[in-house]
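Structure first, then comments.
Numbering (my numbering), first residue to last: 1 to 369.
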């Protein structure tokens, strides 16, 4: 009832206080330990690209409200950020991404700041503005804010100290430790407290805008974990190392209220492990399904063009329960005969080899030609 009521009120600027009140009501339901109804259409037995595509379609189709970047007549991103990034211990303040110290004389590293100290002019020292976690200039094409769209998606906007935002600029993220700041290589480390937040935002932007916001454009280092090489290792490591905070949960709820869609990787960081492999992240839904590591099972999956056969080789064959072939649409094509599958009757294209071992799953994309 509250959500339907809010969608009507979002068009009226004078009723901003109602948005804040409803945010507090909604934030009481954090969905911890249970699968939210938002994901009822998702087959959580999937992994890899199949799961990624389903989640991508979900957050695209449920993005019902495009928020204006700045507006004097309608709800804009300033309004949403002041609610989504609120400091729980003092709701007159917002949390500042990359910040870490409110007690010293340096304002650039402040962790919180009054909502009223937002920057709306050219002289903004000591004020806060809106940081694009995925920088506008690193997207292809660039993220723009002239009209509601990818550049105004509040999932990607964080309250940030003006000077710190300028220091980060469009630097790519890279490994580091401790507090936020530029690395020796000239990249940016978001800080121990914020690295998981950043990783989960980048993952969201990739699924929401898959052709425009690729993680490899904003993260340095190798991409060894992800089978397709499309997710930098640092983001998977940060997602695992820095668990979801209550602040992120409340923020996700507030933005979902305003836009309609949610960040799945805040609701359950383990979804990233299922999609891209890597270090095992927290599974907030207490699911019995876990990722099957190809390294642990020493798997070699390949297509033999001359034989027209797909082969699975493993030094631990006794651990494999079943192997099947899945189409790009997610439809089961058939089961393997042992650890081989004849492709002579198949059309050329992309398929997935699905390996099951107890409650473990592993998907491998393979081309048949």
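Every residue, glycine too, gets a C-beta built ideally from N, C-alpha and C.
Local conformation of residue i per DSSP, three classes
i           : result
residue 257 : helix
residue 346 : coil
residue 218 : coil
residue 270 : helix
residue 265 : helix
residue 101 : coil
residue 111 : coil
residue 351 : strand
residue 26  : At residue 26, the pLDDT of 40 sits below 50, so the modelled position is not reliable and the matter cannot be decided from this model.
residue 224 : coil
residue 138 : helix
residue 305 : coil
residue 69  : coil
residue 285 : coil
residue 366 : strand
residue 167 : helix
residue 291 : With a pLDDT of only 49 at residue 291, under the threshold of 50, the placement of this residue in the model should not be trusted; the figure read from the coordinates follows. In this structure, residue 291 counts as strand in the three-state DSSP scheme.
residue 300 : strand
residue 313 : strand
residue 151 : helix
Residue i, enclosing beta strand (DSSP E) - first and last residue
i           : result
residue 240 : Where residue 240 is concerned, there is no enclosing beta strand (DSSP E), although the alpha helix (DSSP H) it sits in stretches over 233-241.
residue 130 : 128-132
residue 161 : 157-161
residue 89  : Here residue 89 belongs to no beta strand (DSSP E), and DSSP marks it neither H nor E.
residue 332 : 332-335
residue 327 : 322-327
Beta-carbon contacts of residue i that lie in its chain and below 8 Å, excluding the five residues immediately before and after
i           : result
residue 214 : 140, 206, 230
residue 187 : 171, 172, 173, 174, 220
Test item: CB-CB of residue i and residue j under 9 Å
i           : j           : result
residue 138 : residue 218 : yes
residue 323 : residue 312 : yes
residue 161 : residue 98  : yes
residue 152 : residue 66  : yes
residue 101 : residue 94  : no
residue 351 : residue 310 : yes
residue 58  : residue 42  : yes
residue 264 : residue 336 : no
residue 148 : residue 69  : yes
residue 356 : residue 320 : yes
residue 299 : residue 314 : yes
residue 189 : residue 196 : no
residue 164 : residue 250 : no
Residues near residue i in its chain [Cβ-Cβ closer than 6 Å; skip 5 each side]
i           : result
residue 222 : 233
residue 23  : Interpretation of residue 23 is limited by its pLDDT of 39, a score under 50 that renders its predicted location unreliable; no figure is taken from the coordinates.
residue 285 : 35, 268
residue 124 : 162
Segment limits, alpha helix (DSSP H) that includes residue i
i           : result
residue 81  : 77-84
residue 50  : 48-61
residue 202 : 195-208
Close-in-space but distant-in-sequence residues of the same chain around residue i (CB under 7 Å, 5 per side omitted)
i           : result
residue 212 : 139, 140, 141, 150
residue 260 : 62, 63, 64, 65
residue 327 : 333, 351
residue 114 : 92, 93
residue 178 : 192
Under 8 Å, with one C-beta from each stretch per pair, do the region 102-111 and the region 134-143 reach the 3-pair mark?
Segments in contact, no.
I'd like to know if the region 144-160 and the region 64-80 are in contact, where contact means that at least 3 CB-CB pairs between them fall below 8 Å.
yes
Can we say the region 332-342 touches the region 270-283, given the rule of at least three CB pairs closer than 8 Å?
no
Evaluate contact between the region 254-263 and the region 227-245, counting only Cβ atoms and requiring at least three cross-stretch pairs below 8 Å.
Remark: fewer than three beta-carbon pairs, one from each stretch, lie closer than 8 Å, so the region 254-263 and the region 227-245 are not flagged as touching.
Tell me, please, whether the region 122-138 touches the region 164-178 by the rule of three or more beta-carbon pairs shorter than 8 Å.
yes
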